[in-house]
Every structure is written in C-alpha cells, then in structure tokens.
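The next block holds one structure in the form of structure tokens; read it before the comments.
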Amino acid sequence: MLYRSNRNNAGLLGVLIALTACLTLCGCVTVYNPATERRETLFMDTAAEVALGKELDAELHKKMKFATDPAQLARVRNIGQRVARYSDRQDLHYVFQVVEDKTLNAFAVPGGYVYIHSGLAQTANDAELAGVIAHEIGHIAARHSVKQLQGLMGFQLLMGIVTGASGQLPVSQALSVVFDLANLGYSRKDELLADKLAVRYTRRAGYSPLGIVTFFHKLETDAAQKGRSAPPVFLSSHPPTKQRIAQVEEEMRKR
Ligand SMILES: [Zn+2]
Numbered sequence: 034m035l036y037r038s039n040r041n042n043a044g045l046l047g048v049l050i051a052l053t054a055c056l057t058l059c060g061c062v063t064v065y066n067p068a069t070e071r072r073e074t075l076f077m078d079t080a081a082e083v084a085l086g087k088e089l090d091a092e093l094h095k096k097m098k099f100a101t102d103p104a105q106l107a108r109v110r111n112i113g114q115r116v117a118r119y120s121d122r123q124d125l126h127y128v129f130q131v132v133e134d135k136t137l138n139a140f141a142v143p144g145g146y147v148y149i150h151s152g153l154a155q156t157a158n159d160a161e162l163a164g165v166i167a168h169e170i171g172h173i174a175a176r177h178s179v180k181q182l183q184g185l186m187g188f189q190l191l192m193g194i195v196t197g198a199s200g201q202l203p204v205s206q207a208l209s210v211v212f213d214l215a216n217l218g219y220s221r222k223d224e225l226l227a228d229k230l231a232v233r234y235t236r237r238a239g240y241s242p243l244g245i246v247t248f249f250h251k252l253e254t255d256a257a258q259k260g261r262s263a264p265p266v267f268l269s270s271h272p273p274t275k276q277r278i279a280q281v282e283e284e285m286r287k288r
C-alpha cells in the first residue's frame with residue numbers, strides 16, 4: 034500500500050488462529066528470494082499462497098465495487114502485465130483489478146492479486162501507474178504480507194500455548210481481517226524495499242522510474258489539498274515521502 038489507512042484492526046489476532054489451522058497443513062519451505070536477496074523460511078508455499086489469495090479476492094468482490102470500464106481495465110492490465118514480466122517472482126499469475134474508490138491508493142494481497150483505486154488510475158500517467166504497480170509487485174515478490182502473517186501467527190500460537198486458548202472462526206471473517214492486514218500497511222523497511230524494487234521493475238519494463246517520484250509529489254499535493262497532515266515519522270509505519278523520494282533518486286543513479 035501507498036499510505037496508511039485508518040481501518041480498524043480489531044479481531045486480527047483471533048482470526049489468525051483459524052488461519053493457523055489451515056497453514057500448518059502446508060508445511061515449511063526454505064527458499065532464496067532474489068527480491069530480498071535472502072534465504073527465507075516460509076510456512077506457506079506458492080500453491081497455498083495462491084489459494085489464500087483466491088479466497089481473499091472472492092471476499093473482496095463481495096465487499097467492494099470493482100470498476101468495469103473496459104478501457105480503464107485494459108490500461109491497468111497492460112501496464113501491470115508488462116511490469117510483472119520483470120518481477121523477481123515468476124511463480125505467480127498476476128491479476129490486476131480496479132476498485133471504485135476516489136482515493137489515491139493501491140494494495141496487494143498474497144498470491145499475485147493487485148488492486149488499483151480508480152482515483153489513482155485516473156490521476157496517474159502511465160509511468161506513474163507503472164511505478165505504483167511495480168511497488169505493489171515488489172511487496173508480493175518480497176512476500177511481505179505472507180511474512181507478516183507468519184510473524185503474527187507465531188505470536189498467536191505462543192499465546193495459545195500459554196493461555197490454553199484455541200478457536201475457530203468462519204473463513205470469511207478470517208479473510209476480511211487478512212485484508213485489513215494488507216490495507217493497514219507494512220513496516221517502514223518493507224515500504225522502502227518495495228520502492229527500491231519498483232525502480233528495478235519499471236526500469237526493466239521500459240518505464241521511467243521517475244514516475245515513482247512524480248507520483249509521490251501528486252500524493253503530497255493531494256494530502257495538502259485535503260488538509261491531511263502526515264503523521265509523525267515515529268508513529269507511521271510508512272517512511273516520510275521525502276525519505277522515499279531520496280531513496281528512489283539514489284536507486285535511479287545506480288545502474
Ligand atoms: Zn507499500
């Protein structure tokens with residue numbers, strides 16, 4: 034995601050208990066991830082991640098209004114697939130969709146599903162849209178949401194052992210909370226890595242990575258117009274825009 038939303042995170046831990054039951058069946062794998070340049074131990078293999086993503090996507094279709102304008106969809110999908118070809122993760126089929134929402138945001142859920150708000154699609158030029166999509170693909174390639182789930186599940190498992198608590202919740206509830214997790218944002222470190230990967234993927238796909246910077250400026254202008262002041266750095270999971278722009282510009286100087 035691009036900026037932090039104020040959605041309610043209540044119930045997240047409880048719901049992760051239900052997910053744990055499913056995911057413990059999937060087994061552990063250790064893989065080298067070129068996006069993070071590290072070996073990573075994953076509770077969820079690609080097939081399990083895609084199955085979870087599919088369920089999340091079906092749930093999102095019940096909750097949100099999706100855009101159907103063929104020209105807008107074709108533009109987002111064409112740019113998305115062009116960028117996805119250069120992702121460090123080629124074990125996924127990427128799916129790009131547009132959600133009817135005037136705000137300038139985008140998000141991804143596990144399994145290769147990327148959602149662009151219609152407001153963003155209308156505001157961004159092609160290079161900017163490619164930059165935003167590449168940022169979301171970066172989160173997927175680095176498996177940020179999958180790893181966040183793993184971390185929380187580990188904590189929940191520990192709490193279950195300590196308190197003797199256990200529980201089962203309906204899958205639909207579990208999925209809606211996992212979506213909240215995706216929408217609430219990642220750590221500062223994860224956001225900076227997604228920006229770095231966005232430079233890599235846009236450049237490989239033949240788009241100017243400068244689109245990432247110009248879109249940051251559009252986000253700032255939009256926030257100023259709406260009177261939304263940025264949260265203090267230490268309270269925000271997102272790095273300040275200035276820091277993100279500086280990092281993208283530094284990355285652009287590298288070859
Ligand atoms: Zn992000």
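Counting with our numbering, you get residues 34 to 288 for the letters of the sequence shown. Here a beta-carbon is modelled for each residue, glycine too, at the ideal position from N, C-alpha and C.
beta-carbon residue i near ligand 1 non-hydrogen atom, thresh 6 Å
{"i": "alanine 227", "result": "yes"}
{"i": "glutamate 284", "result": "no"}
{"i": "glutamate 224", "result": "yes"}
Where residue i sits in the DSSP three-state scheme
{"i": "tyrosine 234", "result": "helix"}
{"i": "leucine 93", "result": "helix"}
{"i": "histidine 126", "result": "coil"}
{"i": "glutamate 88", "result": "helix"}
{"i": "alanine 141", "result": "strand"}
{"i": "alanine 198", "result": "At alanine 198 the pLDDT is 49, less than 50, meaning the model places this residue with poor confidence; the figure from the coordinates comes in the next sentence. It is coil, neither helix nor strand."}
{"i": "threonine 274", "result": "helix"}
Test: residue i CB closer than 7 Å to a CB of chain B
{"i": "alanine 257", "result": "No chain B appears in the structure shown, which is made up of a single protein chain."}
Unbroken alpha helix (DSSP H) run spanning residue i, endpoints
{"i": "alanine 257", "result": "243-258"}
{"i": "threonine 156", "result": "151-156"}
{"i": "lysine 287", "result": "It is not in any alpha helix (DSSP H) - lysine 287 carries neither H nor E in the DSSP assignment."}
{"i": "alanine 160", "result": "159-174"}
{"i": "alanine 104", "result": "103-117"}
Residue i, enclosing beta strand (DSSP E) - first and last residue
{"i": "arginine 72", "result": "71-75"}
{"i": "asparagine 66", "result": "62-66"}
* Asked: Are the region 123-136 and the region 96-109 touching, with three or more C-beta to C-beta distances below 8 Å?
  -> yes
* Contact between the region 110-117 and the region 160-171: three or more CB pairs below 8 Å? -> Result yes; three or more Cβ-Cβ pairs closer than 8 Å.
* Asked: Would you say the region 276-283 touches the region 225-240, given that touching needs at least three Cβ pairs under 8 Å?
  -> yes
* Evaluate the contact criterion for the region 68-88 versus the region 135-144: three or more CB pairs, one atom per stretch, below 8 Å. => Short answer: they touch.
* Please determine if the region 170-180 and the region 247-260 are in contact, where contact requires at least 3 C-beta pairs separated by less than 8 Å. => No contact exists between the region 170-180 and the region 247-260.
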